[in-house]
Amino acid sequence: MTVSEVKYGLAGVLADDTAISKVMPEINSLTYRGYKVQDLASACRFEEVAYLIWNGELPNQAQLDVFNAAEKKERGLSANALKLIAMLNRHAHPMDTLRTAVSFIGQEDPSANESSREDLYAKSIRMFALIPEIVAADFRLRNGKDPIAPTKDLAFSENFFHMCFGEAPKPEVVKCFDISMTLYAEHSFNASTFTARTIASSLSDIYSAVTGAIGSLKGPLHGGANEAVMHMLKEVPSADAAEKWMRDALATKKKVMGFGHRVYRSGDSRVPTMTEAYKKMVDVIGTDDAKKYWEISRKLDDVMVREKGIYPNLDFPAGPAYYLMGFEIPMFTPIFVISRITGWTAHVMEQLSANKLVRPLSNYTGVAQRDVPSIARR
Ligand code: COA
32 MTVSEVKYGL AGVLADDTAI SKVMPEINSL TYRGYKVQDL ASACRFEEVA YLIWNGELPN
92 QAQLDVFNAA EKKERGLSAN ALKLIAMLNR HAHPMDTLRT AVSFIGQEDP SANESSREDL
152 YAKSIRMFAL IPEIVAADFR LRNGKDPIAP TKDLAFSENF FHMCFGEAPK PEVVKCFDIS
212 MTLYAEHSFN ASTFTARTIA SSLSDIYSAV TGAIGSLKGP LHGGANEAVM HMLKEVPSAD
272 AAEKWMRDAL ATKKKVMGFG HRVYRSGDSR VPTMTEAYKK MVDVIGTDDA KKYWEISRKL
332 DDVMVREKGI YPNLDFPAGP AYYLMGFEIP MFTPIFVISR ITGWTAHVME QLSANKLVRP
392 LSNYTGVAQR DVPSIARR
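Taking our numbering, the leading residue of the sequence shown gets 32, the next gets one more, and so forth.
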């Protein structure tokens with residue numbers, strides 16, 4: 032085997048095959064199982080997209096009914112899991128709570144280590160059903176309120192709003208959330224997905240793979256960026272001040288969150304769909320705050336593209352959209368997990384269907400081999 036030059040950050044490295052999604056930066060497109068993500072977002076509910084990601088084809092009505100029934104059957108955390116979430120440090124980031132709770136529900140599953148395709152699929156649906164409840168319960172407990180139990184009467188996205196706020200909002204708001212779920216669901220070998228595949232490659236269990244992926248997604252250069260975007264929008268006093276704010280940020284070489292992407296260099300294909308859903312929601316909500324954040328974000332986008340040719344990524348419209356839905360900023364990355372659990376677990380299944388232990392080489396730059404001196408000579 033010849034050892035080539037180091038690829039820092041694995042940039043440009045093809046690490047494995049995948050049939051789940053394809054990122055095509057040259058034509059600004061992202062497909063899940065061959066379908067354009069923006070077409071899926073407008074034509075399908077998130078449950079259909081989840082089914083597609085896991086099974087390779089969109090469901091017909093009968094298949095969707097079976098799938099929805101399986102997800103609803105898994106709703107409802109155990110009393111111990113709820114007790115654990117209530118016990119955790121309220122000052123910790125909700126991603127830390129979520130990471131701990133997912134690890135906990137893994138150890139509750141007596142067949143956690145089973146890895147047939149059927150077992151992995153069942154465990155994926157279990158996490159898909161329980162993760163929204165963990166996020167919602169944590170949100171309510173942080174605000175001094177009791178968790179609200181899930182209801183089987185509501186679809187996936189509506190049920191999440193119900194568990195957070197006790198009711199589902201206007202359809203445009205639910206639609207915007209559902210679209211964000213579809214857009215965040217899968218994105219090939221990003222850091223957290225590659226983490227999940229790496230953990231699975233040692234034949235560890237699927238809950239461990241997801242727990243590790245949550246840790247990876249937490250970082251501000253990955254999932255944490257949607258939170259950072261909202262903090263930034265709150266820092267800019269008005270749309271009129273946005274141009275100066277951005278120029279100052281660029282002059283001081285500040286990394287502006289929600290812009291740039293390792294793979295997309297001329298725009299993130301998910302952004303127009305999310306921005307349109309966000310705008311519809313702003314119009315329906317109609318508050319001064321909603322209009323202000325919309326105008327600031329438009330201005331920042333214009334200046335960044337004009338001055339640096341760096342385009343917004345999905346986190347840029349998703350951050351303020353989640354804020355206007357009533358979610359607290361630290362919940363944004365956990366909400367990303369509610370969606371990305373589909374992609375991560377599909378990748379674990381794919382990894383295990385043709386597994387090869389992930390074990391790259393390193394370019395050693397330390398001192399050359401030497402003898403251990405006696406203690407007197409050190
Ligand atoms: N704000 C300001 N400048 C940026 C920038 C941003 N968000 N993203 C990239 N740049 C600039 C870099 O400063 C660098 O400029 P230089 O050549 O003058 O040094 C150039 O663009 C290349 O950036 P680089 O950091 O090498 O790109 P990358 O592929 O390693 O990084 C990200 C990609 C996503 C890590 C990076 O764009 C970033 O940190 N973005 C903000 C965080 C974010 O939104 N993450 C979510 C990703 S989906």
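From the three backbone atoms N, C-alpha and C, an ideal C-beta is built for every residue, glycine too.
Within the region 101 to 148, the complete alpha helix (DSSP H) segments at least 4 residues long are 110 to 118, 125 to 139, listed from N- to C-terminus.
Across the set Ala117, Leu331, Lys310, the C-alpha of Leu331 shows the shortest separation from the C-alpha of valine 267.
Annotation note: the region 318 to 398 contains no uninterrupted beta strand (DSSP E) run of length 3 or greater.
Annotated as proximal: tyrosine 215 and alanine 349, with beta-carbon spacing under 9 Å. Setting aside the 5 residues that flank it on each side, valine 368 is surrounded in the same chain by Leu129, Ile162, Ile245, Leu248, each with a C-beta closer than 7 Å to its C-beta; the list follows chain order. In the structure shown, methionine 312 adopts helical secondary structure according to DSSP, grouped into three states. For the 9 Å CB-CB criterion, methionine 312 and alanine 321 form a contact. Judged by pairs of C-beta atoms under 8 Å, the region 112 to 125 does not touch the region 185 to 199, as fewer than three such pairs exist. Assigned with DSSP and collapsed to three states, phenylalanine 290 falls in strand. Taking a cut-off of 8 Å for Cβ pairs, the region 339 to 353 and the region 224 to 240 do not touch, as fewer than three such pairs fall below it. For arginine 228, the CB contacts under 6 Å within the same chain, skipping 5 residues up- and downstream, are His378, Gln382 in chain order.
At a threshold of 8 Å, aspartate 279 does not count as near the ligand COA, since its beta carbon sits no closer than that to any of the ligand's heavy atoms.
Listed in chain order, the non-local C-beta contacts of proline 351 below 8 Å within the same chain comprise Val260, Met261, Leu264, Tyr309, Tyr324, Trp325, Ser328, local neighbours out to five positions each way being set aside. Ser384 is the residue among Pro90, Leu392, Ser384 whose C-alpha sits nearest the C-alpha of arginine 148.
Here threonine 364 is near asparagine 257, since their CB atoms are less than 9 Å apart.
Listed as beta-bridge partners of threonine 306 by DSSP are no residues whatsoever. Taken atom to atom, the span from the alpha-carbon of leucine 388 to that of alanine 42 is near 20 Å.
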